[in-house]
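Notes to accompany the following structure.
Protein chains: 2
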Amino acid sequence: MNIHDIAKISGYSSSTVSRVINNRNYVSDKARQDIQKVIKDFDYVPNDVARDLSKGKTHNIGVVLPHTKHPYYTQLVEGIMSAAFPAGYRIVMLPSKFDADVEMNYLNRLRRKAYDAIIFTSHGISLKELLKYQKYGSIVICHNPGELNIAAAYTHREESYIDAYKWIKSQNYQRISILLSRDYQISATAQKTIQAYRKTFGSEPDHRLLNTDVTTFDDGYNAAAQFHHNQYEPDIYFTNGDDIAAGVRQFYLDNDLKLPMLVGQENQLSGRILNIPTINHHFHEVGKLACELAINNEIKQLSVESEFILR
Amino acid sequence: MNIHDIAKISGYSSSTVSRVINNRNYVSDKARQDIQKVIKDFDYVPNDVARDLSKGKTHNIGVVLPHTKHPYYTQLVEGIMSAAFPAGYRIVMLPSKFDADVEMNYLNRLRRKAYDAIIFTSHGISLKELLKYQKYGSIVICHNPGELNIAAAYTHREESYIDAYKWIKSQNYQRISILLSRDYQISATAQKTIQAYRKTFGSEPDHRLLNTDVTTFDDGYNAAAQFHHNQYEPDIYFTNGDDIAAGVRQFYLDNDLKLPMLVGQENQLSGRILNIPTINHHFHEVGKLACELAINNEIKQLSVESEFILR
DNA sequence: CCTTGACGTGGAACGCGTTCCACACTTTAA
DNA sequence: TTAAAGTGTGGAACGCGTTCCACGTCAAGG
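Protein sequences appear in the order of chains A and B. Numbering-wise, our numbering puts 340 at position 146 of the first sequence, and it's gapless, one number per residue. Numbering-wise, our numbering puts 301 at position 107 of the second sequence, and it's gapless, one number per residue.
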């Protein structure tokens, strides 16, 4: 049962049926009623895929996420949804694990018109590669793209990182551990963390206390355990998330050791419960902005100030 | 640039081009090479929407979620994704806020072939209504559908609830508060909570200590504040999530009151940090099972045992 | 009385890939 | 030697809604 069947049965053309379905003008009352009756009698509904094909628009936005457990992505996705839903867009989750092949595959699906736009909450492939695909649809990333002309919504982290480090400095902590989620050679965000350190302290961070790939409570726990094992322990941990800081704390607690100072990020519940200073990056807002850029196909950069919260 | 253009340029028919694109047999080496060269030269990629239309399949699974902040849904979505991705399916997020109109809209989109299947992580409309739509595609729900013949993956909660109540009984707690996420008149899950109480204690729960619509840390906090204000306080809270229990705890802490006993659910990080007994519902597994049912279009019920964890 | 324009409707092409069927030719088995 | 089976390829319809264009009618403005 398709629109042409309805046309035949009702005795009108498919153009007129289409007008009725889409509530458009230039249809007489009689035709409208006749056609609506047939539609009802035969319990007809139009096919969305055919409509998408002929309109050349799917109202789908692909959202590429390296992993899902991490609250960064959860918050972003919520923000994206909050903007997508009212605008009649749906979001399609695209897990990537930073795998370049998988990401390229998603980009190609943008070319293939499976999505109207694609948002990279984070990405493994290079920005130059992304640029090449802009002609196929709107592409938005969630970090500062620097000079490159690509749509982006991101948190302006520098200030808050420097605020945090300044506070650390003022408290006279000596051994500062930095737990990063990704290698600072790869990740722009991790780089910012290090840069802010240099700016504030005028020196390099202590590499013996610098860890990468620390993203969860357990990772934090293990990092602390490792430092303890090496008998070279920090008196403060600057971590990439409150949950991670909570994991560090747990290690000290489990082993009856004096708790070090902790700094988290992302304003997670764990930080609130444990009173850990944090940095609120307003990811919900970032997601919302990213989605708006995607929908409006605007190539511009929007940033949100993040803030150090000392509890 | 479409498949017919490639056919014309290469001098073959679109059937042959299609065979080449889909790596099928019955194509000579020469034809394959010629066509592949044209495809490459003109940088052609097929249109996924057209393919979906002609195949009658989208490889999209809609996932209806009342809200996103709640970890129940997050864990389910992760589980769903873990099954969808390897099978070549993508998931489309469909926020509903339990709004029946919105849910009906999503069901209609199933009819309209926008999704191959739809998973309701929770739902406001009746099961009878859902049953009507089964003929349009696979529908899976995430709670026990009882006698109804509808695909479902869910946690078998009774045992663990009873285990929890038995423990509460054994500890001689007198005033038991139950904080539900939804009214037990509406929600099957909430009903189970009450039923297990009746079974264990042989009596009705104290309605003065029973609250509904408690889903977040702050809700827990406020519920505790309210009981305190009413000067009728529980000595134990049975809550719908560790985060909620953490919120309750926070109220007592902030007001320098003696902490009541707490029981959480969902095995969240907050419970782990604060050592709150919890119930692990294995939602990740449930999501995975639900997705498998959706993909295979099987109408059967699968359940996972949940377990009371006393820390 | 004629022109202009809004209104109502249909035809046919378009968006684009898939697939069934027919046809020709080449092997292989009998 | 011949029928049967396999290989290679094209034509055309199909999946289904949208939209441009043409054509006819009728009323309002000049």
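Note that CB positions come from ideal geometry on N, CA and C, so glycine has one too.
Between Ala390 of chain B and Ile356 of chain B, the CB-CB gap stays under 7 Å. In the three-state reduction of the DSSP assignment, Ser497 of chain A falls in the strand class. Within the stretch 223 to 250 of chain A, those residues whose Cβ lies closer than 7 Å to any Cβ of chain B are, in chain order, Val239, Pro240, Asn241, Asp242, Val243, Ala244, Asp246 and Leu247. The beta-carbon of Pro289 of chain B is placed less than 7 Å from the nearest beta-carbon of chain A. For a Cβ distance threshold of 9 Å, residue set Leu463, Arg466 and Ile467 of chain B lies close to Phe411 of chain A, ordered along the chain. In this structure the stretch 443 to 463 of chain A does not touch the stretch 481 to 489 of chain A; the number of beta carbon pairs closer than 8 Å is below three. Look at Met287 of chain B here: in three-state DSSP terms it is strand. Nearest CB-CB separation between Ile489 of chain A and chain B: not below the 7 Å threshold. Between the stretch 366 to 380 of chain A and the stretch 394 to 404 of chain A there are three or more C-beta pairs closer than 8 Å, enough to call the two in contact.
Counting the other Cβ atoms within 10 Å of the Cβ of Lys482 of chain A gives 16 or more, which makes it buried. In chain order, Val243 make up the part of chain A whose C-beta sits under 7 Å from the C-beta of Thr252 of chain B. Taking the beta carbon of Gln444 of chain A as reference, the chain B residues within 9 Å of it are Arg466 and Ile467, listed in sequence order. Using a 10 angstroms sphere on the CB of Lys307 of chain A, the tally of other CB atoms reaches 16 or more, which defines it as buried. Distance check between Arg376 of chain B and each of B:Thr433, B:Ser354, B:Trp361 and B:Lys393 places B:Thr433 closest, using alpha-carbon atoms only.
Taking the Cα of Ile274 of chain B as reference, the smallest distance to any Cα among A:Met287, A:Tyr266 and A:Pro339 is reached at A:Met287. For His350 of chain A, the uninterrupted beta strand (DSSP E) run begins and ends at Ala345 to His350, by DSSP. Proximity of Lys329 of chain A to chain B, defined by a Cβ-Cβ separation below 7 Å, is not satisfied. Between Ala419 of chain A and Ala294 of chain B, the alpha-carbon positions lie close to 50 Å from each other. Counting of Cβ neighbours within 10 angstroms places Phe445 of chain A among the buried residues, the total reaching 16 or more. Take Arg305 of chain B, set aside five residues on each side of it, and the residues of its chain with a beta-carbon closer than 6 Å to its own are Tyr330, in chain order.
Contact holds between the stretch 313 to 322 of chain B and the stretch 255 to 270 of chain B, because three or more Cβ pairs, one in each stretch, are under 8 Å apart. Judged by DSSP secondary structure, Met195 of chain A falls outside any beta strand (DSSP E); it is assigned neither H nor E.
Taking the Cα positions, Val498 of chain A is about 54 Å away from Tyr206 of chain B. In the DSSP annotation of this structure, Gly256 of chain B is not part of any alpha helix (DSSP H); the continuous beta strand (DSSP E) holding it starts and ends at Asn254 to Leu259. Three or more beta-carbon pairs drawn from the stretch 462 to 479 of chain B and the stretch 262 to 276 of chain B are found closer than 8 Å, and the two stretches are therefore classed as touching.
Nearest in C-alpha terms to Ala311 of chain B, of all of B:Ala484, B:Ile229 and B:Ile333, is B:Ile333.
According to DSSP, residue pairing for Ser332 of chain A in a beta bridge involves A:Ala311.
The residues Leu259 and Thr315, in chain order, have a CB closer than 6 Å to that of Tyr267 of chain A in the same chain once the five nearest residues on each side in sequence are set aside. Rounded to the nearest whole angstrom, the CA to CA distance from Leu504 of chain B to Gly340 of chain A is 51 Å.
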